[in-house]
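**Student:** Numbering (my numbering), first residue to last: 30 to 313.
Please see the structure below; I have some questions.
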Amino acid sequence: MSLENTVQILYTACKAGYCVGAFNIVDYLSLEAVIHAAETHHAPVILQTSSTTVRRYGAERLVALTRTLADRTPIPIGLHLDHGTEFELIKECIKAGYSSVMIDASRYAFEENIARTHQVVELAHCYGVSVEGEIGVLAGVEDDLVVQHDKAIYTTPEEAIEFQARSEVDFLAVAVGTAHGFYKEEPRLDVETLREIHKRVSFPLVIHGGSGLSMQTLQTLVSAGAAKLNISTQLKKDYIDSLESYLSAHSNEYNPMRMLDNTHDQLVKTVGAYLQVLGSAGRV
Ligand SMILES: [Zn+2]
Numbered sequence: 030m031s032l033e034n035t036v037q038i039l040y041t042a043c044k045a046g047y048c049v050g051a052f053n054i055v056d057y058l059s060l061e062a063v064i065h066a067a068e069t070h071h072a073p074v075i076l077q078t079s080s081t082t083v084r085r086y087g088a089e090r091l092v093a094l095t096r097t098l099a100d101r102t103p104i105p106i107g108l109h110l111d112h113g114t115e116f117e118l119i120k121e122c123i124k125a126g127y128s129s130v131m132i133d134a135s136r137y138a139f140e141e142n143i144a145r146t147h148q149v150v151e152l153a154h155c156y157g158v159s160v161e162g163e164i165g166v167l168a169g170v171e172d173d174l175v176v177q178h179d180k181a182i183y184t185t186p187e188e189a190i191e192f193q194a195r196s197e198v199d200f201l202a203v204a205v206g207t208a209h210g211f212y213k214e215e216p217r218l219d220v221e222t223l224r225e226i227h228k229r230v231s232f233p234l235v236i237h238g239g240s241g242l243s244m245q246t247l248q249t250l251v252s253a254g255a256a257k258l259n260i261s262t263q264l265k266k267d268y269i270d271s272l273e274s275y276l277s278a279h280s281n282e283y284n285p286m287r288m289l290d291n292t293h294d295q296l297v298k299t300v301g302a303y304l305q306v307l308g309s310a311g312r313v
C-alpha cells in the first residue's frame, strides 16, 4: 500500500470510534520503528515530521524514504507535516507528496488564522493533500515558541465550527488543556468541551501533547472524540535514554548496530503501547 491521504485514515477511525497515533520521527531508525510497531499491532499510523526535520533532510527525501517502507506493508500510513508555520516549507511538503500538512497559525488573531489556513488549504487540495489547522493556544514549547500554562487558551465549539467552515481545513487541532513537552503537574483537561465539540462537528479532531498523559487520560480523550493524537516528546526521550543506557552498559563495545537495535526495540515497545490504548491496534 502506498501513502494514504491522512483525512481518509482519520475518517475511518472516526466511524469506528478509535484514535490514530501520530508519531514524530527524526530519522530512518525512528521511522522504521514506528512502522514496525504498526505492523506488529495491525494498526493504521501517521508519521509526522517537524519543520526542523524537513529542513534537515528535505521533503522529497522524507517522502521517498517513507514511501519505500509504506509500499511494502498492508498498513495504512500517512506522512504529515507537524506545526508548519512557513508557507514555503509547507508548499515544499505538499509538492513532494506528503499525505497532509499542518498549518499552525494559532499564534495569530482568529481572522488572520483563518486567512493563512485557507491559503494553505487552497494549494493543498489541488494536490490531493489534506490539511490540519489549529485554534486556541497550547501551553509548552513548540520549536522556538514558549507558552506559559496560565496563557493557554481553550477552544470553544462555536470557534471550532466557524473556523472549519471558513478555512475549509480537513481536521482540526483543539486546545482542551494538553500541553507540548512533558507535564510538570497533572494537567486540567477539559474533556467535556472536547466531547461537546465532537458532538457538534463532522470533521476529525486532533489532540496535541500526548506524551506524559496517563493511559487512562488517553482513553478518556479517545472516548470524548479525539481522532488523532500527537506523540513526540516521549519518543525523543526514549530515543536518547535508550542510547545513553546502552552506551553506559557497553562502554567498550563499538558495535553501532547493536546499539541502534536496542533503541529500535525500545521505540517499537513505546509506540505499540500507544497503539493499544488508542484503540487502533487490530484495525487492519
Ligand atoms: Zn503540537
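Where a beta carbon is used, it is the ideal one built from N, C-alpha and C, also for glycine.
#1: Could you tell me which residues DSSP pairs with E163 in its beta bridges?
#2: Near R145, what residues of its chain come up, given a Cβ to Cβ distance below 7 Å and the 5 sequence neighbours on each side ignored?
#3: Can you give, in chain order, each stretch of the beta strand (DSSP E) that sits fully within the segment 102 to 154 and has at least 3 residues?
#4: Closest by CA to G46, which one among Q248, V63, C122 and N34?
#5: In terms of alpha-carbon separation, which member of L167, E273, N142 and S196 lies closest to H237?
#6: Secondary structure at F192, three-state DSSP: helix, strand or coil?
#7: Going by the beta-carbon positions, is the gap between E68 and T41 smaller than 7 Å?
#8: Taking the runs of the beta strand (DSSP E) that are 3 residues or longer, which of them lie wholly in the segment 203 to 262?
#9: Is any heavy atom in ligand 1 found nearer than 6 Å to the beta carbon of N53?
#10: Could you check whether the segment 221 to 236 touches the segment 187 to 203, counting it as contact only if at least three pairs of C-beta atoms, one from each stretch, sit closer than 8 Å?
#11: Using the C-alpha atoms, what's the distance from V160 back to A153?
#12: Taking the beta strand (DSSP E) that T78 falls in, what are its first and last residues?
#13: So, under 8 Å CB-CB, H109 and A189 are touching, yes? Tell me the CB distance rounded to an integer number of Å.
#14: In whole angstroms, what separates the C-alpha of I123 from that of S59?
#15: Of all the CB atoms in chain C, is at least one closer than 7 Å to the CB of V297?
#16: Can you check whether the CB of N53 is closer than 7 Å to the CB of Q77?
#17: Among all the DSSP beta bridges, which residues are the ones paired with G169?
#18: Among N259, S196 and A99, which has the Cα closest to the Cα of D111?
#19: Taking 6 Å as the cut-off, is the beta-carbon of H109 closer than that to any non-hydrogen atom of ligand 1?
#20: In this structure, does DSSP put L32 in helix, strand or coil?
#21: Shortest alpha-carbon distance to P216 belongs to which of T222, R224, G210 and G206?
#22: To the nearest angstrom, report how far apart S252 and H227 are at their CA atoms.
#23: Taking the alpha carbon of T246 as the reference point, which residue from G87, V230, R229 and D219 has its own alpha carbon closest?
#24: Could you tell me if the beta carbon of N259 falls within a distance shorter than 6 Å of some heavy atom in ligand 1?
#25: Given a cut-off of 7 Å on the beta-carbon distance, is the pair R96 and L32 in contact?
#26: Can you grab the Cα-Cα spacing for the pair L39 / C48, in whole Å?
#27: Starting from A66, trace the alpha helix (DSSP H) in both directions and tell me its first and last residue.
**Tutor:** Quick look at the numbers:
#1: A202
#2: I132, A134 and Y137
#3: 106 to 113 and 129 to 132
#4: Measuring from the Cα of G46, the nearest candidate turns out to be Q248.
#5: L167
#6: helix
#7: no
#8: Runs of the beta strand (DSSP E) inside the segment 203 to 262: 234 to 236 and 255 to 260.
#9: No.
#10: yes
#11: 7 Å
#12: Residues V74 to T78.
#13: No, H109 and A189 are not in contact; Cβ-Cβ is about 20 Å, not under 8 Å.
#14: Roughly 22 Å between the two C-alpha positions.
#15: Protein chain content of the structure displayed is limited to a single chain, and chain C is not contained in it.
#16: For the 7 Å CB-CB criterion, Q77 and N53 form a contact.
#17: DSSP, once it has assigned bridges, lists V176 as partnering G169.
#18: With distances taken between Cα atoms, D111 lies closest to N259.
#19: no
#20: DSSP places L32 within a strand segment (E or B) once states are collapsed to three.
#21: G206
#22: 10 Å
#23: D219
#24: yes
#25: It is a contact, given that the beta carbons lie within the stated cut-off.
#26: 8 Å
#27: Y57 to T69
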